[in-house]
Amino acid sequence: QKEVEQNSGPLSVPEGAIASLNCTYSDRGSQSFFWYRQYSGKSPELIMFIYSNGDKEDGRFTAQLNKASQYVSLLIRDSQPSDSATYLCAVTEGTGTASKLTFGTGTRLQVTL
Amino acid sequence: NAGVTQTPKFQVLKTGQSMTLQCAQDMNHNSMYWYRQDPGMGLRLIYYSASEGTTDKGEVPNGYNVSRLNKREFSLRLESAAPSQTSVYFCASSAAGALGAFFGQGTRLTVV
Numbered sequence: 092q093k094e095v096e097q098n099s100g101p102l103s104v105p106e107g108a109i110a111s112l113n114c115t116y117s118d119r120g121s122q123s124f125f126w127y128r129q130y131s132g133k134s135p136e137l138i139m140f141i142y143s144n145g146d147k148e149d150g151r152f153t154a155q156l157n158k159a160s161q162y163v164s165l166l167i168r169d170s171q172p173s174d175s176a177t178y179l180c181a182v183t184e185g186t187g188t189a190s191k192l193t194f195g196t197g198t199r200l201q202v203t204l
Numbered sequence: 010n011a012g013v014t015q016t017p018k019f020q021v022l023k024t025g026q027s028m029t030l031q032c033a034q035d036m037n038h039n040s041m042y043w044y045r046q047d048p049g050m051g052l053r054l055i056y057y058s059a060s061e062g063t064t065d066k067g068e069v070p071n072g073y074n075v076s077r078l079n080k081r082e083f084s085l086r087l088e089s090a091a092p093s094q095t096s097v098y099f100c101a102s103s104a105a106g107a108l109g110a111f112f113g114q115g116t117r118l119t120v121v
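Right, dumping it as structure tokens:
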């Protein structure tokens, strides 16, 4: 059973701080890694993807991947109350059309004023 | 610019009733997926379709059937609903695994 593990939280950070969200995965064959944001009662929204070891930055978001440690993280700089949501980590074992996305259970982030 | 559209948004069924959840995407994606989301369980894959004419089981397929009607549409059928199928159901589509998937707005299903 391929697994994706996340701490369920809640992770509470003050406004303006850096939020650090972590995810580990069990399948060494995983090739593509994604972070989704899900507001309460809404559908998941893709916010970041990363394929190679290292960092990838997009605005206030940075995704970090370490394949040797089977670890992927998401940093949110200058956290805002609007960032309060559940963040889902997802991985695929391939890159083609037959690849399936496996999700973690998500980490709930609370940004406090 | 609709993306992935699911119908209905809400549904209440009695135990033993059947129903079909509809999903359509207008992004010309090859792959389509059905997930269910339960509190504390995350998103679990029910069935997926890598291309028109093909379907495969996911993690929790029991009690469900699917049809990939054409490239745009992928339906999920509950033949005899059970209370354990009370959940939020999401349809998603993807051009390829490396590009991630895009989700519909979800169907909240309650089986009483």
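Chains as they are written, first to last, in the numbering used here: chain A, 92 to 204; chain B, 10 to 121. For each residue, glycine too, the CB sits at the ideal point set by N, CA and C.
Could you give the distance in angstroms between the alpha-carbon of residue i and the alpha-carbon of residue j?
i               : j               : result
Y178 of chain A : G49 of chain B  : 13 Å
V1 of chain B   : D146 of chain A : Only positions 10 to 121 of chain B appear in the structure, and residue 1 of chain B is not among them; the question remains open.
S134 of chain A : G113 of chain B : 7 Å
L102 of chain A : G62 of chain B  : 43 Å
Y44 of chain B  : T116 of chain B : 11 Å
R77 of chain B  : S164 of chain A : 35 Å
T14 of chain B  : E88 of chain B  : 22 Å
V182 of chain A : C100 of chain B : 17 Å
A154 of chain A : T95 of chain B  : 34 Å
Under 8 Å, do residue i and residue j count as touching if we go by C-beta distance?
i               : j               : result
S99 of chain A  : T203 of chain A : no
A90 of chain B  : V69 of chain B  : no
L52 of chain B  : F194 of chain A : yes
Y73 of chain B  : Y57 of chain B  : no
A154 of chain B : H38 of chain B  : One cannot answer for residue 154 of chain B here, as it falls past the ends of chain B, which runs 10 to 121.
Against chain A, with Cβ distances strictly below 8 Å, would residue i count as a contact?
i              : result
M50 of chain B : yes
L54 of chain B : yes
G67 of chain B : yes
Y73 of chain B : no
Let me see if you follow: with CB-CB separation under 8 Å, is residue i close to chain B or not?
i               : result
K158 of chain A : no
K147 of chain A : no
Y116 of chain A : no
Y142 of chain A : yes
G197 of chain A : yes
Can you pull the chain E neighbours of residue i, defined as C-beta to C-beta under 8 Å?
i               : result
L137 of chain A : Looking at the structure shown, chain E is missing, and the protein chains on hand are A and B.
Under the DSSP definition of a beta bridge, which residues are partnered with residue i?
i               : result
A101 of chain B : B:Y42, B:F112
R199 of chain A : A:T177
For this session: Can you give me, in chain order, the residues of the segment 89-114 of chain B that have a beta carbon less than 7 Å from any beta carbon in chain A?
Result: F99, A105, G106, A107, G109, A110, F111, F112, G113, Q114
Problem set entry | Contact set between the segment 160-183 of chain A and chain B, restricted to residues whose Cβ is under 8 Å from the partner | Listed by position, the residues of the segment 160-183 of chain A near chain B (Cβ gap below 8 Å) are L179, A181, T183.
For this session: With 7 Å as the limit, tell me which residues of the segment 12-25 of chain B have their beta carbon closer than that to any beta carbon of chain A; keep them in chain order.
Result: none
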